[in-house]
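Asker:
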Amino acid sequence: MTKKVTKIGVLTSGGDSPGMNAAIRSVVRTAIYNGIEVFGIMHGYTGMVEDDIIKMDSRSVANIIQRGGTILKTSRCKEFMEPEGRKKAFLNLEKRGINGLVIIGGDGSFRGAQIFSSEFNIPCIGLPGTIDKDIAGTDFTIGFDTAVNTAVEAIDKIRDTAEAHDRLFLIEVMGRDAGYIAIHSGIASGAENVLIPERKTDVDEIVKSLKEKEKRKKLVNLIIVAEGDEFGGANDLSVYLKDKIPTLEVRVCILGHIQRGGSPTCTDRVIASRMGFHAVECLIEGKHNVFVGIVNNKMHYIPLNEAVKKKQKINQELINIVKILST
Ligand code: ADP
Numbered sequence: 002m003t004k005k006v007t008k009i010g011v012l013t014s015g016g017d018s019p020g021m022n023a024a025i026r027s028v029v030r031t032a033i034y035n036g037i038e039v040f041g042i043m044h045g046y047t048g049m050v051e052d053d054i055i056k057m058d059s060r061s062v063a064n065i066i067q068r069g070g071t072i073l074k075t076s077r078c079k080e081f082m083e084p085e086g087r088k089k090a091f092l093n094l095e096k097r098g099i100n101g102l103v104i105i106g107g108d109g110s111f112r113g114a115q116i117f118s119s120e121f122n123i124p125c126i127g128l129p130g131t132i133d134k135d136i137a138g139t140d141f142t143i144g145f146d147t148a149v150n151t152a153v154e155a156i157d158k159i160r161d162t163a164e165a166h167d168r169l170f171l172i173e174v175m176g177r178d179a180g181y182i183a184i185h186s187g188i189a190s191g192a193e194n195v196l197i198p199e200r201k202t203d204v205d206e207i208v209k210s211l212k213e214k215e216k217r218k219k220l221v222n223l224i225i226v227a228e229g230d231e232f233g234g235a236n237d238l239s240v241y242l243k244d245k246i247p248t249l250e251v252r253v254c255i256l257g258h259i260q261r262g263g264s265p266t267c268t269d270r271v272i273a274s275r276m277g278f279h280a281v282e283c284l285i286e287g288k289h290n291v292f293v294g295i296v297n298n299k300m301h302y303i304p305l306n307e308a309v310k311k312k313q314k315i316n317q318e319l320i321n322i323v324k325i326l327s328t
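So for the sequence shown, our numbering puts the first residue at 2; every next one is plus one.
What follows is the structure in structure tokens.
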């Protein structure tokens with residue numbers, strides 16, 4: 002028999018993403034609706050280890066659905082990687098009677114949750130909060146839609162100035178291990194090429210294509226580079242291209258952290274609200290140690306130990322589309 006969940010903790014962990022607040026709000030209000038007490042754990046797993054835990058009520062999450070960042074703050078917590086740190090964390094939950102957790106974060110946070118739940122038998126539910134969309138088993142992750150829309154808005158502005166000067170722009174977007182922001186923003190902004198970590202970058206092919214386009218007087222070129230591209234970031238590529246085509250007017254723009262911030266889009270708010278609601282339902286129904294995903298508009302529950310083994314793969318169709326539409 003699984004124990005009834007009566008008091009839960011909610012935390013945001015790892016990289017922040019827009020929509021985390023909407024998820025927190027949903028978890029808190031769904032729990033209270035069901036007569037479950039809720040505690041906010043500050044700064045991700047750090048708050049669990051250092052006992053920075055606050056009682057929450059419906060009012061604690063008022064006026065946050067539209068805000069980026071996370072009111073609970075986030076961090077990367079080294080102590081939680083060690084058994085002693087996790088033991089401390091468990092004792093801090095135990096003394097308050099917390100017997101369920103909702104973890105909003107990426108695959109690293111899920112890995113931590115899975116280890117913790119197996120050591121201390123505390124049911125954990127994950128919500129995929131990451132701008133990178135690299136978690137397998139869900140069509141959406143909280144924050145991706147906002148981040149990619151922020152990138153597209155910025156790239157559109159860069160296109161105006163690129164066009165005015167007939168310049169090549171190399172625009173670096175976030176994605177150390179995943180090319181989703183790059184490929185989606187590249188398609189949406191009509192980019193020439195998209196370089197992603199999941200695929201070998203053929204720089205000589207890029208040189209050939211730019212030379213050919215120069216001949217055809219197609220002079221406005223945008224190349225989107227994911228920060229983790231295997232050739233290197235936009236700066237490395239710029240040096241290489243200038244060396245190969247000295248006549249090329251090339252500029253680099255690194256979008257950086259603006260992609261993490263800002264008010265979440267409607268899509269991110271809605272999926273965060275749905276996922277938060279279902280996370281609490283999972284705890285109530287005894288569906289433990291899963292993360293909540295959405296596939297074909299239906300909720301999917303993927304065991305945490307499976308989730309940490311797989312990464313979302315880049316869809317080959319998207320890669321082909323970039324190529325064909327940029328001619
Ligand atoms: P994200 O969740 O965005 O992928 P990280 O990979 O940094 O971010 O993970 C967030 C936190 O999850 C880490 O700082 C650590 O506290 C915890 N964590 C990650 N991997 C493990 C692990 N193998 N064991 C225990 N805790 C982990």
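Note that beta-carbon positions come from the ideal geometry of N, C-alpha and C, so glycine has one too.
1) Can you check DSSP and say which residues form a bridge with Gly41?
2) Are Gly138 and Gly294 closer than 8 Å when you measure CB to CB?
3) Whose CB is closer than 6 Å to a heavy atom of the ligand ADP? List the residues in chain order.
4) Ends of the beta strand (DSSP E) at Leu301?
5) Out of curiosity, what's the CA-to-CA distance linking Phe232 and Gly257?
6) Throw me the rounded Cβ distance for the Leu169 and Leu249 pair, which I believe falls under 8 Å.
7) Please list, in chain order, all residues of the same chain as Asp157 whose beta carbon is under 7 Å from its beta carbon, the five residues on each side excluded.
8) Please name the residue in Arg112, Ser186 and Ile143 whose C-alpha comes closest to that of Val309.
9) Do Gly107 and Pro124 count as a contact pair if the criterion is CB distance below 8 Å?
10) Would Pro19 and Thr131 be called neighbours here (beta carbons separated by less than 8 Å)?
11) How do the region 20 to 28 and the region 64 to 71 stand: do at least 3 beta-carbon pairs fall below 8 Å, yes or no?
12) On the premise that Ile159 lies in contact with Ile143, defined as a C-beta separation below 8 Å, what is that separation, rounded to the nearest angstrom?
13) Name the residue from Met82, Cys283, Thr47 and Leu223 whose alpha carbon lies nearest to the alpha carbon of Tyr302.
14) As a quick exercise: from Lys216, Tyr181 and Lys212, pick the residue whose alpha carbon is nearest that of Arg200.
15) I'd like the span of the beta strand (DSSP E) that includes Leu128, first residue to last.
16) Around the Cβ of Tyr46, are there at least 16 other Cβ atoms within 10 angstroms (buried) or fewer (exposed)?
17) Please state whether the Cβ-Cβ distance between Thr7 and Glu51 is less than 8 Å.
18) Roughly how many angstroms separate the alpha carbons of Thr202 and Gly229, rounded to a whole number?
19) Candidates Gly36, Asn222 and Asn306: which alpha carbon is nearest Glu164's?
20) Does DSSP put Asn222 in a helix, in a strand, or in coil?
21) Compute the Euclidean distance between the alpha carbons of His289 and Gln313, then round it to the nearest angstrom.
22) Go through its chain and collect everything with a Cβ distance to Arg270's Cβ below 8 Å, but skip five positions before and after it.
23) Starting from Asn194, trace the beta strand (DSSP E) in both directions and tell me its first and last residue.
24) Assign His185 to one of two classes, buried (16 or more other C-beta atoms within 10 Å of its C-beta) or exposed (fewer than that).
25) Rounded to the nearest angstrom, what separates Leu238 and Asn297 at their Cα positions?
26) According to the Cβ coordinates, are Leu128 and Gly277 closer than 8 Å?
27) Is it the case that the Cβ atoms of Gly176 and Pro198 are separated by a distance below 8 Å?
28) Out of Lys5, Gly10, Thr31 and Lys4, which one is the CA nearest neighbour of Ala273?
29) Would you identify the three-state DSSP class for Ala275, choosing helix, strand or coil?
30) If you drop the 5 nearest sequence neighbours on each side, which residues of the same chain put their C-beta closer than 6 Å to that of Ile55?
31) Can you give me the Cβ contacts of Glu85 inside the same chain, cut-off strictly under 8 Å, excluding the 5 residues immediately before and after it?
32) Roughly how far, in whole angstroms, is the beta-carbon of Ile188 from the beta-carbon of Ile325, given that I think they are within contact range, below 8 Å?
Answerer: Looking at the coordinates:
1) Val11 and Ile55
2) yes
3) Ser14, Gly15, Gly16, Tyr46, Arg77, Cys78, Phe81, Met82, Gly106, Gly107, Asp108, Gly109, Ser110, Arg112, Gly113, Ile116 and Thr131
4) Looking at the sequence shown, residue 301 is not Leu but His. First-last of the beta strand (DSSP E) with His301: Lys299 to Pro304.
5) 18 Å
6) 6 Å
7) Ser190
8) Arg112
9) no
10) no
11) yes
12) Between Ile159 and Ile143 the Cβ distance is about 27 Å, and since that is not below 8 Å, they are no contact.
13) Cys283
14) Tyr181
15) Cys125 to Pro129
16) buried
17) no
18) 11 Å
19) Asn222
20) strand
21) 22 Å
22) Gly20, Ala23, Ile66 and Gln67
23) Asn194 to Leu196
24) buried
25) 38 Å
26) yes
27) yes
28) Thr31
29) It should be noted that the sequence gives Arg, not Ala, for residue 275. It is helical.
30) Gly41
31) none
32) No, Ile188 and Ile325 are not in contact; Cβ-Cβ is about 11 Å, not under 8 Å.
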